[in-house]
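Heads up: the sequence lines are chains A and B, in that order. So that you can map any letter, position 343 of the first sequence is 343 in my numbering, and since no number is skipped, the others follow by simple counting. So that you can map any letter, position 260 of the second sequence is 1260 in my numbering, and since no number is skipped, the others follow by simple counting. Quick reminder that beta carbons are idealized off the backbone N, C-alpha and C, glycines included. A quick write-up on the structure given underneath.
Number of protein chains: 2
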Amino acid sequence: MFRHAQLESVKAWVVDPAQRSLPLHVRIQRAVRQLILDGALDASKPLPASRALATSLGVSRDTVEAAYGQLHAEGFIERRVGSGSFVAEGARRLGGRGTTARTSTTQQPLRLSQRGTAMYRNGGVREFLAPRAFVPGVPETRNFPLATWERLQRQVLKEWGSTALLHSPPQGMAPLRKAIADYVNLERGAHASPERVLVVTSSQQALTLCASVLLDPGEHIFIEDPAYHGARKAFDAAGLDCAPIPVDVDGMRVDLLRDARQRARAVFLTPSHQFPSGATLALERRLQIIEWARQHQAWIIEDDYDSEFHYAGRPMACVQGLDAHQRTIYIGTFTKSLFPGLRIGFMVLPTELVAPMTIARTLLDGHSAPIPQLTLARFMEGGHFGAHVRAMRAIYCERRDVLAKLVRRHLKDFVEPRVPDGGMQMPCVFIRDIPEQQAIDAARRARIDLLGLSGLHASRESASAGFLMGFAAHTPGELEAAVKKLAQVLRVVAR
Amino acid sequence: MFRHAQLESVKAWVVDPAQRSLPLHVRIQRAVRQLILDGALDASKPLPASRALATSLGVSRDTVEAAYGQLHAEGFIERRVGSGSFVAEGARRLGGRGTTARTSTTQQPLRLSQRGTAMYRNGGVREFLAPRAFVPGVPETRNFPLATWERLQRQVLKEWGSTALLHSPPQGMAPLRKAIADYVNLERGAHASPERVLVVTSSQQALTLCASVLLDPGEHIFIEDPAYHGARKAFDAAGLDCAPIPVDVDGMRVDLLRDARQRARAVFLTPSHQFPSGATLALERRLQIIEWARQHQAWIIEDDYDSEFHYAGRPMACVQGLDAHQRTIYIGTFTKSLFPGLRIGFMVLPTELVAPMTIARTLLDGHSAPIPQLTLARFMEGGHFGAHVRAMRAIYCERRDVLAKLVRRHLKDFVEPRVPDGGMQMPCVFIRDIPEQQAIDAARRARIDLLGLSGLHASRESASAGFLMGFAAHTPGELEAAVKKLAQVLRVVAR
C-alpha cells in the first residue's frame, strides 16, 4: 500500500504538465520508480494492487498493469503469485540514495579536463546565426538556385537509390573528389588529383585535423598577425604554440620566418585574401615560403577561403600549385561559395598525408553525408557551380563598392575603410579614439553584428582598433539602412 | 625566345592527356610557369612573342595572350613596351630551385606528430563500405521510406526557404532537439529536455568530444572488456589510458570499479546491448555505477547505440534516466535506426556540460547541416520514425532467428552462436582451434566481412576467438547464401 504522501506524489507525476508528452502508463511507471529510487517504499509491504491504484488515480486498470509490467521487466519490482508486487531485492538495497532525486544538482564545482577548460574559455568559433548586417563570412543565399539543387538531388536519389543512404568512403565520394580536383586545377592553379582530395565537413575540421596529425602539444606553428580566429582557436585547442608573424600590404612577412627564434613545424596562412586585412600574398613571398618549408621539412597550411571572389582580374594561383615539393596542404570550403548549411569542405593533400589524415578523420566523426556530396558533384559537373560563383562575384563586387561609398559618406568621422581586392568583408580602422568593445556591444544592441579587429591581433599594442564589415549577404538597400544605423551608434559611443 | 627543348616542354603540357580538362591557355600558362620555376629560361632574353609562340604551338594568338596575361597578373613575367615579355625580377631569383619540380617527392621520411602517428597506427574506425554480409552495425536501407523523407524535405525547403541554407546553431536546430528529448524520454526512460540535447554528426564525434572535454592525456577511463573498438580508438587518440573492466552475462562487472587500482575520471559503457557480447547491464549494476559516479564525481558515458532494436519485451530504461545526480552523458545515433549517410547523432548532457561541449564542438567542425536536422525533426514528429523502428524491429528479430538457425545448421562444427536479446549482430565463438585472423582473411576473399572478436578484448589470453556477424542488412535468403559460403571457407581454414 502507498501512504497518502506517496499516492499524492504519483498523482503529481500523472498531472505534471512537463510530462504531458508521455503516455499515462509511462508517467505512472516513472512515479513509482522514483519512489523506489528514493527509498520511500516499505519493502516488506506489497505495492497497491493494480485495481486499487487505478481507482485512486482515476485511470484504467490496464494502464496500471502496463506500468507494473515495465517495472517488473526492468527489475524494480518482483511479482509474487497470490501476495502481489514488492520492491525487488536489488532495487531495495539502494534505498535512500536518491532522496534528492528529481531536483538534485552536483554540489561540487564543474571539473573539466585542462584542455576542455581551455576550449571553453577561448569561447569556440562564434558563428553569427541571424543573417544580420555586417556578419563576416556569410554569403547571400536568397538567390541560391535551390530548385536546380533539389532537381539534382532527386536525380541522385533516383539513380543511387538506397545505396546513397549508406556510408560514404571516409575520403569522400569519388565523383566529388574528381569534380573538386578539376575545379582547383582549373580555377586555382593547383596540382591536384582525386586521389589527393579529402572531403571534410568544413575548413574548421580541416584545421583540427592538421593541428593534431601534424603537430604535438607545445610545438610551434607560425600564424599571421592579425589572424583568422577560427584557425588560432583550433590550434590553441590542440595545445599548439602559435607564433604570430606580422602582415603588411603584401601579406605575411615571410622573410621573418627565417629569423624567428622558434623553430616551427608548420605555417598557417590565407594567401588569397589575408584574414582580416584582405592583402594578397606576393608571388615572391609565395616562392620564399615554399623554399622555407622545403628546407625545414615544415608544412604550409594554405587556407584558400573565399578565393572565388576576387574583383581585380583573375585571382593569383594558390601556393599549393607552385609547391613542387608536396609540403603544402590546401584547404577549401563551399560554405562561402555556396551555402553554410552544406557542410562540405576539402583538403588537397601531399600524397603521403592522404592515409594518415583520412584515418584521423574517421576517429573524429567517421565520414561526410553521401547525398550532399553526390549532389554537389553534379552541381559542379553541370557548370552550375561556375555560373553561381560568376554571378555572385559580380553581386559581391557591387556590394563592396556600395559599402565603401556608404562608409566614406556616413562613417567618415569614425573609421577609414580598407577596401579589399576580394573576399566578403571590409576592415574599417578607427581614425579617432573609440573604445572598440563598447562600439561592438552598442552595435549589437542595435541589431548590427561587427567583428572587432583588436581581438584578431596577437598583441593589443600593435593592434589597429576597428571592425570587420561583411557585405556579401546584404543588398545595397540593406547595407545603406545598416550603415546609417551604425553611424548613429558610433556617434553616441564616440562622444 | 625558347630553346628547342623548352618549346617541346610547352608542347608536351599542351597535349598531356592528364591536363585535358584544362583550357588551352591555362595549359600554356602552366607550362611557361614551370619553365620559370625551374630556372630554365634566360632572364636577359625576352620570351617568344605571342604571335610566334602561337604559330609554333598551332594555337590562336589570343590563347597565348591569355596565358601571358595571367603570368603577368601573377607576377611571373614583366611586359616591357617595345621589347616584349621577360621573366620578372622576383621569380628570377629563385632560378633552379624547382628543377625536380613535376616529379619531385620528399626525400626525408614522413614525420607526423606523435599523436598523428598513434592515430595512423591504430588504423581508425574501419567502416565496411559495401553492403556485404556480415558487416556489423549496418541497417537495412532498401526499405527505408525514402519517398516520405523526400516529401518532408521538400516541405522544409518550402517553408524555411533560403534560411535553411544558413548556419545551424551549434547546439542543433530547436525542432530536432525537442523531438529527440521527447523520444528519449518516452522510449528510453531518459530525463531530457531540449536545452540539454546537443546534436552532433555521429556517436564517434560524441566520443571524441567526451574524451577531450572531460579528460586530459594520461588520465584513466574505465571501458568494457571486450569493448567497442570505435570508442577505444577515440579514447586512445585523445591520449587517454583505457582501463578494461571484464564483462559477464549481466554486462560490465561494476563491482570491480571500486577495487580498481587506478582512479578513473569516467567510465564508458554500452548498457543496452553490450558491444560485442550483447549482454544487458543488470538494474542493480546500473544503480551501483550511478552511485560510484556520484561518490567519485566521475562521468558515466552511456552509449545507447541500437537500443531501438530489442526483441525480448521492452528494452530496459537507460542509465541516464536513473541518474539523479547528472553524472551521465547519454549518446544516441540515427545511423542504425535510420541510415548511416544521415550523419546525425546526439548527446543528452548534464546541464553544466551543455556550454562547454557545444563550444568544443564549434572548434571541431562548427555545426551540423540544418536541412537534414529539420527533415528528421518532422520525420519524428509525424510518427514516421516510430513506425520505421517498429517495422525494422520485427524484420531484424526474424533475421536474428534465421541467422541463429543457419549458424547452428551449417557452422555447427566451428562456432557456437551467442544469440543476443537485441541489436544488429551476433557473436559466434570458435568451439575448436581455428586461427581467427586467417578465417577472417579467407572470408574477405570470398566477399564476406567478419569482425574478429579477439581484437575487441584487452588481453589476448582472456579472449574468446571468433567473430561478430551483422544480420540486419540482409534478407533471410542472402543470409543463407552467405552462411553456406562461410561454411566452405571455414572448412578449408579449420583443416
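At a Cβ-Cβ threshold of 7 Å, F430/A and G452/A do not count as neighbours.
When beta bridges are read from the DSSP output, F1414/B appears opposite no residue. At a cut-off of 7 Å, the C-beta of D216/A has a neighbouring C-beta in chain B. Pairing R285/A with V254/A gives a Cβ-Cβ distance under 7 Å. Fewer than three pairs of CB atoms, one per stretch, sit closer than 8 Å, so the region 1174 to 1192 of chain B makes no contact with the region 348 to 362 of chain A.
Around E1478/B, no beta-carbon contact reaches into chain A at under 9 Å, the shortest distance being about 14 Å. For V249/A, no CB of chain B lies under 7 Å from its own CB, so it is not counted at the interface with that chain. Looking from the CA of F1235/B, the closest CA among D1250/B, L1214/B and V1249/B belongs to L1214/B. The region 1433 to 1442 of chain B makes no contact with the region 1390 to 1403 of chain B: fewer than 3 CB pairs, one atom from each, lie closer than 8 Å. Between the C-alpha atoms of A473/A and K336/A there is a straight-line separation of about 10 Å. In the DSSP assignment, T55/A falls within the alpha helix (DSSP H) that extends over S50 to L57. In the three-state reduction of the DSSP assignment, Q262/A falls in the coil class. For C242/A, the enclosing beta strand (DSSP E) covers residues D241 to D248. At a cut-off of 7 Å between beta-carbon atoms, S113/A makes contact with chain B. Rounded to the nearest whole angstrom, the C-alpha separation of E1008/B and P1017/B is 15 Å.
For E1159/B, the enclosing alpha helix (DSSP H) has its first and last residue at L1146 to W1160. Residue state for M1316/B is assigned as coil, using DSSP reduced to three classes. Three or more beta-carbon pairs separated by less than 8 Å are not found between the region 474 to 489 of chain A and the region 146 to 164 of chain A, which leaves the two stretches without contact. One Cα belongs to R1061/B, the other to P1023/B, and the distance between them is close to 14 Å. Of all residues in the region 1181 to 1192 of chain B, those with a C-beta nearer than 7 Å to a C-beta of chain A are D1182, N1185 and L1186, reading in chain order. Distance from the CA of Q1262/B to the CA of T1117/B, rounded to the nearest whole angstrom, comes to 27 Å.
The criterion of a C-beta distance shorter than 7 Å is satisfied by S21/A and D1182/B. When 7 Å is used as the limit between beta carbons, G1116/B is near these residues of chain A: S212, V213, L214, P356 and A360, in chain order. Here P175/A has A377 as same chain residues with Cβ atoms under 6 Å from its own Cβ, once five neighbours each way along the sequence are excluded. The beta carbon of L47/A is closer than 6 Å to those of S85 in its chain, skipping five residues each way along the sequence. Contiguous alpha helix (DSSP H) elements confined to the region 173 to 229 of chain A occur at 174 to 188 and 203 to 214, taking only those with 4 or more residues.
Taken atom to atom, the span from the alpha-carbon of H325/A to that of G1124/B is near 27 Å. Identification of residues in the region 16 to 30 of chain A having a C-beta nearer than 7 Å to some C-beta of chain B yields S21, L22 and V26, given in sequence order. The Cβ neighbour count for S277/A, taken over all protein chains shown within 10 Å, is at least 16; the residue is labelled buried. Beta-bridge analysis with DSSP links S1085/B to R1079/B.
Assignment of D1304/B by DSSP, reduced to helix, strand and coil, places it in the coil class.
Residue contact check for P370/A against chain B: a CB pair falls below 7 Å. Residue pairing from DSSP places L1468/B in a beta bridge opposite P1427/B and L1451/B. Rounded to the nearest whole angstrom, the CA to CA distance from P1370/B to W149/A is 15 Å. Bridge pairing for W299/A: A266/A [DSSP]. Look at Y1330/B here: in three-state DSSP terms it is strand.
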